[in-house]
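Enquirer:
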Amino acid sequence: MTIERELDTIDVNFNVGPQHPATHGVFRMVLTVDGELVVDLEPVIGYLHRGAEKLSENCDYRQAIGFQDRTEYLAQFNAELCYVIAVEKLMGLEVPERAEYIRVILTELNRIASHLMFMGAFSADLGVFGTLFMYAFRERERMQDLFEEISGDRMMYSYFRVGGLAWDVPQDFVERTRWVVKQARQGIADIDGLLTRNEVTMARTRGIGVMPADQAIDWGFSGPMLRATGVRHDLRRAEPYSIYDRLEFDIPVGTQGDVYDRYTVRLEEMRQSARIVEQCLDQMPKDGPVVAPGLKRVLRPPAGEVYMRTENPRGEYGIYLVSKGTDKPYRLKIRSPSFCHLAALRDMVVGHYVADAVIILGSVDIVLCEVDR
Amino acid sequence: MIADNPWIDAIARTLLVVLLVIGVALILIWLERKVAGRIQMRLGPMVVGPYGLLQSVADAIKLLTKEDLRPAVADRWVFELAPFVAFVPSLLTLISLPFTAHLFVRNLELGLFYIVAVSGLSIVGLLMAGWGSANKYALLGAVRAAAQLISYEIPLVLAIVAVAMVAGTLNLVQIVEGQGRVPYIAWQPLGFCIFIIATLAELYRNPFDIPTAESEIVGGPFIEYSGIRWSMFFFAEYINVFMLSVLGSLVFLGGWNWPLGNEVGWPLQIVLIFAKTSAMLLMFMWFRVSLPRLRIDQLMSFCWQVLLPFSFLGIIINGLVLVYDWPDVLLGVFSGVAALIAGWAVYRGSRRAAPGQPWSLVSARGID
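Residue numbers (the numbering used here), protein chains in the order written: chain A, 7 to 379; chain B, 83 to 450.
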C-alpha cells in the first residue's frame, strides 16, 4: 500500500518492544510513523530462540514431548498431540480408544483455554481496564486446575505419550470436566456480552487489519486467521486425525478478514470446542487401557519420515519428523502458524494508526516461543 | 465568614478546602481500586489497614521516598516543572467550587467560567511533560492529550453554557439555588450527556484514555516520571475527577439544593452533595473498567461531528424556548429528543463502521 502525503514531513521510528505491554512476549516491531500513521513496520523476532528443534533431536522420542509444551506454551496439549501422532504414524501404532477420547477432550479444553487467553490479552490491547481479562482468567484457571490434577503441572503437562497417555485420568474426571465446560460456557457468554456488540469495540476493530482470502492463503495463514477471511478450512475436518471424524462441530468463518472477524471466529470456536468436549464425554469408554500394549521402554521407530499437522488454536501446527531407526529423531522440524501470521504483519498494519497496530498484533494471537522456537 | 479579617478568612477556607480535597483524593484512589476489584471479581487492596483503607497512605509514603529520576537527555527545567504546571491549575479550580451554601473559598460571580478556564491550563503541564521527557511515547501521548483536551473543552463549555442560559447566571451558588424545584438535568438531558462524555475525555479515562493508553504508549506523558513527580500528576488527575464530579452534581443534579430545598442545615447539605458526587464518581469508575478505548481520530471526529453540533443544538433549543417564553417543560422535551437522536446516530454510526460507508466513526482515516 502506498500513501500519498500532502505535507512534507519527517517520519519517525517508533520502537515497540521487546519489553512492551502490547507485544505478548518478547517481540519487537519498529514502526515508522508519520504522526500517528504507520507508514512502515519491521517485525523483529528471535528473542526467544532456544533451539527447540535441535534440542529435540538430542533427546529420545519420549523426552522430546516436553519440548512441545515449551514451544507452544498456551496450547500445550495440542502441540503434544501433534508430536505423538507423528511418532505413532512413523511406528504404525494403534492408540486405545479411551486414550484417544481423553486426548481430544484435553486438547479441546486447551483450545478454549488458549482462546480465553487471547480474549483477555486482546481486550487489554483494546483498552478494557482488566475486566475482561479477569473474566477470561476465571475460566482458564478452572481448566488449569483440572489439567494440574490430571498431569501434575500447571503449564508443562508432558502428559501425552507415544501410544497413549502417561497414566489414567482421576476417577471424577468426567464430572469435573462437565462442570468446567458448563462454567466455561457461562464465561464465554459473559465475554460475549461485554465486548462483542460494544460500540467502541466495533468502531475500533471493524475494517481494521483486513487480509483478503486469496492473500491470506498466499501468506500461509491457517486457523482462525484464515477462517476469519471466509475460507472454511479446518484440519479437524479437512484431514481428520484422532477421532475427529466421529464428532459433530461447526466451523465458524468470518466475512471481512478484519480484526473483528478474528475475534468473533475465536469466540465461536470456543463454543464449538465446548460442544466437542461434551460429545466426547458422552461417547467415551468408561474403562480400558490408556496406552498401547507391548511398547518398548525405548522407542525406535523404523527409518522413514512423516509430516503431521493438527489444528491448533493458532492454526496449522506441523511436525516434520525424520527417523533413521535410532532412539532419537534425526530431524524434527516445527511448522508454527504464528510465524506465518507475523510475516504478514506489515501488510496488515501499514496505513493504519499506531493504536491499530497494537490491536492487529493482538488479533494475530502470537506465541513467541512458537515463532522463535 | 470564618474569621473577621478577610485574609485570615481566605487562608482558613483555603486550608479547609485543600485538606478536604487531598483527603478525598486519597480515599478516591482507594475507592477506585475497590470498585474496580469488585467489578473484576477481585477483592482489591485488603492488607494495609481494615479493608485496605490505608493502602493509599502506604502508596503515598512509598512514592514520596522513591528516587526522583530524570532521564539524562531530558530537558531539565521543562521536565521538572511539568508536574507543578499540571498540579497547580487543578488546585486553583477549587477556589470557586462551592461544596455547600457556605463552604467555599470564594464565591466568584463568574465561578463557572473561572473553573473551566483554569482547568484547561493543566494541558500545558502534560505538553511540557511530553516534550521534556525526550521520549517518543511521551511526546505522542502529549500531542494526543493536547488534541483531545482542547477539542473536548468546547463541548464541555457549551454544555455548561446551555445550563447558564437557563439559570441566567455564572455564579455556582446561584445556579444551585435555582434548582430547588427541578434539577437542571431534567431541563437539559442533552447537555448532561454531553457534559459526561466531555468530562470523561477531559479526565482521560476510558473510553477516552488515549493520551495515557497503557497498551500503546504505556502511560504517555508520564512514562519517564517516578516518585513524587509522578504522584503529582496522579494527584492532579484525581483532584480533577473529584472537581468535575462536584461540578456535575452542582450544575446538573441540583447540588445541595434539590430535593430537600435550600433551607436545610449544612450537615444535610453535605450529605446531599456527597451522595450526588459519589454517584458521579462511581459512574466514572464503572465506565473505566468496562469500556474499550477509542482511537484518536475517532475521538476527534466524534467530538467535531457529534458532540459539537448537538451542543449547539442544545443552545439553540434553549434560546428559542427562553426568547419566546415557552413553558420550561419544552426545554426538557426538546433536549431529551435531541439526546435520543444523538444516541441513535452513534448507535448507527458504530454499526456502519465498515470501510466504504459514507457516515461512520472511522470516516476520518485519511487513507483508503
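Every residue gets a Cβ at the ideal spot worked out from N, C-alpha and C, and that includes glycine.
Could you give the C-beta distance for A/Tyr107 and A/Ile249, rounded to a whole number, given that I count them as a contact under 8 Å?
Expert: That belief holds up - the Cβ atoms of A/Tyr107 and A/Ile249 are roughly 7 Å apart, short of 8 Å.
Enquirer: Using CA coordinates, which residue listed in A/Ala280, A/Gly260, A/Asn116 and A/Asp131 is at the minimum distance from A/His254?
Expert: In the sequence as displayed, the identity of residue 254 of chain A is Glu instead of His. Answer by Cα proximity: A/Ala280.
Enquirer: Under 9 Å between C-beta atoms, does A/Asn116 make it to chain B?
Expert: It does not: the Cβ of A/Asn116 has no partner Cβ on chain B nearer than 9 Å.
Enquirer: Three Cβ pairs or more, each shorter than 8 Å: is that satisfied between the stretch 178-197 of chain A and the stretch 101-119 of chain A?
Expert: Yes, they touch.
Enquirer: By a C-beta neighbour count over all protein chains shown, 10 Å radius and 16 as the cutoff for buried, is B/Ser442 buried or exposed?
Expert: Unreliable positioning characterises B/Ser442 in this predicted model, as indicated by a pLDDT of 35, which lies under 50. The coordinate reading is nonetheless provided below. Buried: at least 16 other Cβ atoms inside 10 Å.
Enquirer: B/Phe366 and B/Leu238: beta carbons closer than 9 Å?
Expert: Not a contact, by the Cβ cut-off of 9 Å.
Enquirer: Quick one: what does DSSP say A/Glu63 is sitting in, helix, strand or coil?
Expert: It is helical.
Enquirer: So what does A/Phe166 bridge to, in DSSP terms?
Expert: Paired residue(s): A/Leu171.
Enquirer: Report yes or no: is there a C-beta of chain A within less than 9 Å of the C-beta of B/Gly302?
Expert: Not one chain A Cβ lies under 9 Å of B/Gly302.
Enquirer: Using CA coordinates, which residue listed in B/Val100, B/Gly347, B/Ala268 and B/Leu326 is at the minimum distance from B/Leu282?
Expert: Comparing Cα positions, the closest option is B/Leu326.
Enquirer: Below 7 Å on C-beta distance, what does B/Glu298 contact in chain A?
Expert: Those within 7 Å of B/Glu298 in chain A are Ala28, Val360, Ala361 and Val364.
Enquirer: On a CA-only basis, which of B/Val139, B/Phe324 and B/Val428 is nearest B/Val106? Give me that one, please.
Expert: For the residues B/Val139, B/Phe324 and B/Val428, the minimum Cα distance to B/Val106 belongs to B/Phe324.
Enquirer: At which residues does the beta strand (DSSP E) containing A/Ile325 begin and terminate?
Expert: Gly321 to Ser329 is the span of the beta strand (DSSP E), which, as asked, contains A/Ile325.
Enquirer: Does A/Phe20 come within less than 9 Å of chain B when only Cβ atoms are used?
Expert: It does; some Cβ of chain B falls within 9 Å.
Enquirer: Let's see if you can read the secondary structure: which residues bound the beta strand (DSSP E) around A/Arg341?
Expert: Residues Arg337 to Arg341.
Enquirer: Specify the secondary structure class of B/Ile449 as computed by DSSP and reduced to three states.
Expert: Because B/Ile449 carries a pLDDT of 31, less than 50, the predicted location of this residue cannot be relied on, and the following value inherits that uncertainty. Coil, per DSSP.
Enquirer: Please report how far the alpha carbon of B/Trp426 lies from the alpha carbon of B/Ile278, in whole angstroms.
Expert: Approximately 17 Å between the Cα atoms of the pair.
Enquirer: Look up A/Thr207 in the DSSP assignment and say whether it is helix, strand or coil.
Expert: Three-state result, A/Thr207: helix.
Enquirer: Does the Cβ of A/His347 have 16 or more other Cβ atoms within 10 Å, making it buried, or fewer, making it exposed?
Expert: Counting Cβ neighbours within 10 Å, A/His347 comes out buried, since at least 16 surround it.
Enquirer: Quick one: Cα of B/Asn344 to Cα of B/Ile257, how far?
Expert: For B/Asn344 and B/Ile257, the distance between alpha carbons rounds to 12 Å.
Enquirer: Are B/Pro293 and B/Pro303 closer than 9 Å when you measure CB to CB?
Expert: Yes. Within cutoff.
Enquirer: Sort out for me which residues DSSP pairs B/Val411 with in a bridge.
Expert: According to DSSP, which records beta bridges pairwise, B/Val411 is partnered with nothing at all.
Enquirer: Please name the residue in B/Phe334, B/Val346, B/Ser417 and B/Leu363 whose C-alpha comes closest to that of B/Gly249.
Expert: In the sequence as presented, Gly is not what sits at residue 249 of chain B; that position holds Ala. Closest option to B/Ala249, Cα to Cα, is B/Phe334.
Enquirer: Quick check: the Cα distance between B/Ser432 and B/Val415, rounded to an integer number of angstroms?
Expert: Roughly 26 Å separates the two Cα atoms.
Enquirer: Would A/Ser369 be called buried (16 or more neighbouring beta carbons within 10 Å of its own) or exposed?
Expert: Classification for A/Ser369: buried.
Enquirer: Please go through the stretch 190-277 of chain A and give each complete beta strand (DSSP E) segment of 3 or more residues, from N-terminal end onward.
Expert: Entirely contained in the stretch 190-277 of chain A, not one beta strand (DSSP E) run reaches 3 residues.
Enquirer: Taking DSSP as the reference, what is the three-state secondary structure of A/Asn84?
Expert: DSSP places A/Asn84 in helix when its eight states are reduced to three.
Enquirer: Along the stretch 124-136 of chain A, where does the CB come closer than 8 Å to a CB of chain B? Name the residues.
Expert: Those residues of the stretch 124-136 of chain A that come within reach of chain B (Cβ to Cβ, closer than 8 Å) are Ser129, Ala130, Asp131, Leu132, Gly133, Val134, Phe135 and Gly136.
Enquirer: Confirm, please, whether the CB-CB distance from B/Ile321 to B/Leu176 is below 9 Å.
Expert: For B/Leu176 and B/Ile321, yes; Cβs fall inside 9 Å.
Enquirer: What do you get for A/Glu94, buried or exposed, if any count of 16 or more other CB atoms within 10 angstroms of its CB means buried?
Expert: A/Glu94 should be labelled buried.
Enquirer: Indicate the three-state DSSP secondary structure (helix, strand or coil) for B/Val428 in the structure shown.
Expert: Of the three classes helix, strand and coil, the one that applies to B/Val428 here is helix, per DSSP.
Enquirer: Would you report the Cα separation of A/Pro230 and B/Pro180, rounded to the nearest angstrom?
Expert: Cα to Cα, A/Pro230 sits roughly 56 Å from B/Pro180.
Enquirer: Going by DSSP in three states, B/Gly438 sits in which element: helix, strand or coil?
Expert: In this predicted model, B/Gly438 has a pLDDT of only 41, less than 50, meaning its place in the structure is not dependable; the value taken from the coordinates is given anyway. Three-state result, B/Gly438: coil.
Enquirer: Relative to chain B, which residues along the stretch 179-210 of chain A have a C-beta separation below 8 Å, given in chain order?
Expert: From the stretch 179-210 of chain A, only Leu200, Leu201, Asn204, Glu205, Val206, Thr207, Met208, Ala209 and Arg210 have a Cβ closer than 8 Å to chain B.
Enquirer: Taking A/Gly6 as the reference, give the member of A/Pro308, A/Ala130, A/Tyr141 and A/Val360 with the closest Cα.
Expert: With chain A covering only 7 through 379, there is no way to say anything about residue 6 of chain A.
Enquirer: What number of angstroms, rounded off, separates the C-alpha of B/Ser233 from the C-alpha of A/Arg242?
Expert: Near 52 Å, if we compare the C-alpha coordinates of A/Arg242 and B/Ser233.
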